[in-house]
Ligand code: NAP
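In this note's numbering, the protein residues as written are 832 to 1236.
Encoded structure:
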């Protein structure tokens, strides 16, 4: 028998069958207040990248995870931006507001800190500012952005793409929105999901993440990715509660431990493969492990390089093929290494290997997919259609899996 306490302290009792997976009281709706145990920059001095190895402490919580799962994290917005918005509204922060789908009011400061997304204003926000402003100059700018036709659509898309709510409050002070009027324009702050970089077999009390804090500039302002900088900059070690939950995934290892696996994970895409290899070692899997990894420079950006070198030396990795894009005049990417090793890769696939890709969805995963089709076509003597059918079958058999973002 087990006891399960839900968020609202309702206790339920259930019978646990031996085949039932371990159960945790912590869910998306009732996240575990975990803490940060370690926050280490993986890149070496001189790198232009900032990639963090984060260790989240889940000891004693009952929270369990499997390799391939993601950790959902509820972040808080930057306090400086929250205070600036409150000041621009001419508010104190104590005003009661109702965020979307709330049934009782909370303070404006709390809503802006933990419940609302301060980014990505929409056309509706511009319409509200246009309806409210009394300033002719602001009215003219907003009218131009809201005019019908493709010209204004494009202009508006660019304008909104470079702005967050704080920019609109600064640029259109004549609108004088009330706290609730602003809140009504904002979306809920959603949790962010990060691929887990550890195996529970090796680290049952910890969840490891590989996170690149997002920082950039737009419209003359420094911008910060909400969750990545919450974890990297604002979560004080062992103190700040980090609300987390485990998001199960379709992405996972073959149950047959004798199967070979091929993993393609440049940049932060390396995360689940560190977990995969830890798990394969812990379970005594006999299948071979082949990793393709890439980043800017070998000297500074070989993420978990010492671990891969050690596993290779110990025979726990069959192959690690590296693509450092900026160590030579021409770019070299993971898909170039895949093409260079076409015959071997084809032999692994014919032998039943599973092929995994993790990382950037927009360019890398598409290019790797094209390289896979090319290898299959050329090595298998298949035409374009047959190669596509082969890859489709791999997917159907769960032998080609992607975790891309
Ligand atoms: P990353 O810096 O984007 O890339 C890692 C490696 O992949 C670099 O060597 C990069 O080379 C290379 N690369 C670039 N284009 C490629 C392509 N078409 N095919 C294969 N490899 C390619 O990876 P990261 O460290 O994971 O991410 C760093 C930053 O990018 C973060 O701020 C992250 O948030 C952002 N990012 C965003 C998304 C997204 O929003 N969808 C996805 C991934 C990463 P070069 O840079 O030398 O060209």
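Glycine included, C-beta positions come from ideal geometry on N, C-alpha and C.
Confirm the yes/no value for this check: CB of residue i, any heavy atom of the ligand NAP, distance under 7 Å.
i, result
"residue 1135", "no"
"residue 1127", "yes"
"residue 1164", "yes"
"residue 992", "no"
"residue 1240", "Residue numbering for the chain in the displayed model covers 832 to 1236; residue 1240 lies beyond these limits and cannot be assessed."
"residue 1236", "yes"
"residue 1156", "yes"
"residue 1152", "no"
"residue 1160", "no"
"residue 1060", "no"
"residue 1063", "no"
"residue 1045", "yes"
"residue 884", "no"
"residue 782", "Limits of the chain in this structure are 832 at one end and 1236 at the other, which puts residue 782 out of reach."
"residue 1200", "no"
"residue 1100", "yes"
Could you compute how far the alpha carbon of residue i sits from the alpha carbon of residue j?
i, j, result
"residue 1138", "residue 1076", "27 Å"
"residue 983", "residue 916", "27 Å"
"residue 1039", "residue 1159", "32 Å"
"residue 1162", "residue 908", "37 Å"
"residue 1032", "residue 886", "15 Å"
"residue 1150", "residue 1227", "26 Å"
"residue 931", "residue 1019", "7 Å"
"residue 880", "residue 1156", "13 Å"
"residue 1205", "residue 1218", "8 Å"
"residue 1231", "residue 873", "29 Å"
"residue 787", "residue 1085", "The structure shown has nothing for residue 787, since the chain only spans 832 to 1236."
"residue 1120", "residue 1114", "13 Å"
"residue 1144", "residue 882", "25 Å"
"residue 1048", "residue 1194", "22 Å"
"residue 1064", "residue 1072", "14 Å"
"residue 1054", "residue 871", "22 Å"
"residue 894", "residue 941", "27 Å"
"residue 1208", "residue 1056", "40 Å"
"residue 1116", "residue 1088", "5 Å"
"residue 1225", "residue 1066", "41 Å"
"residue 921", "residue 965", "17 Å"
"residue 1174", "residue 1213", "14 Å"
"residue 1042", "residue 1122", "19 Å"
"residue 1081", "residue 1182", "23 Å"
"residue 1172", "residue 1133", "20 Å"
"residue 981", "residue 954", "14 Å"
"residue 1050", "residue 1062", "25 Å"
"residue 869", "residue 876", "19 Å"
Would you identify the three-state DSSP class for residue i, choosing helix, strand or coil?
i, result
"residue 1157", "coil"
"residue 1232", "strand"
"residue 1186", "strand"
"residue 852", "Per-residue confidence for residue 852 stands at a pLDDT of 46, beneath the threshold of 50, marking its modelled position as unreliable; no derived number is given."
"residue 867", "strand"
"residue 1082", "coil"
"residue 1059", "helix"
"residue 910", "helix"
"residue 833", "Confidence at residue 833 is low in this model, with a pLDDT of 30, below 50, so its placement is unreliable and the value that follows should be read with caution. Three-state result, residue 833: strand."
"residue 1126", "strand"
"residue 1048", "strand"
"residue 1180", "helix"
"residue 1017", "coil"
"residue 838", "Residue confidence is low: residue 838 scores 31 on pLDDT, short of 50, so the model does not pin down where it sits. No coordinate-derived value is stated."
Would you say residue i and residue j are within 8 Å of each other, going by their C-beta atoms?
i, j, result
"residue 1188", "residue 1233", "yes"
"residue 1191", "residue 1235", "yes"
"residue 1028", "residue 1130", "no"
"residue 919", "residue 952", "no"
"residue 1003", "residue 1093", "no"
"residue 957", "residue 977", "yes"
"residue 995", "residue 949", "yes"
"residue 856", "residue 889", "no"
"residue 1008", "residue 963", "yes"
"residue 867", "residue 1105", "no"
"residue 1059", "residue 1044", "yes"
"residue 1110", "residue 898", "yes"
"residue 934", "residue 925", "no"
"residue 969", "residue 1005", "yes"
"residue 1118", "residue 1090", "yes"
"residue 831", "residue 1211", "Outside the shown range of the chain, which is 832 to 1236, sits residue 831, and nothing can be said about it."
"residue 1169", "residue 1196", "no"
"residue 960", "residue 947", "no"
"residue 906", "residue 1023", "yes"
"residue 859", "residue 891", "no"
"residue 1167", "residue 1154", "yes"
"residue 927", "residue 1074", "no"
Under 8 Å between C-beta atoms, does residue i make it to chain B?
i, result
"residue 867", "Absence of chain B from the displayed structure is noted, only one protein chain being present."
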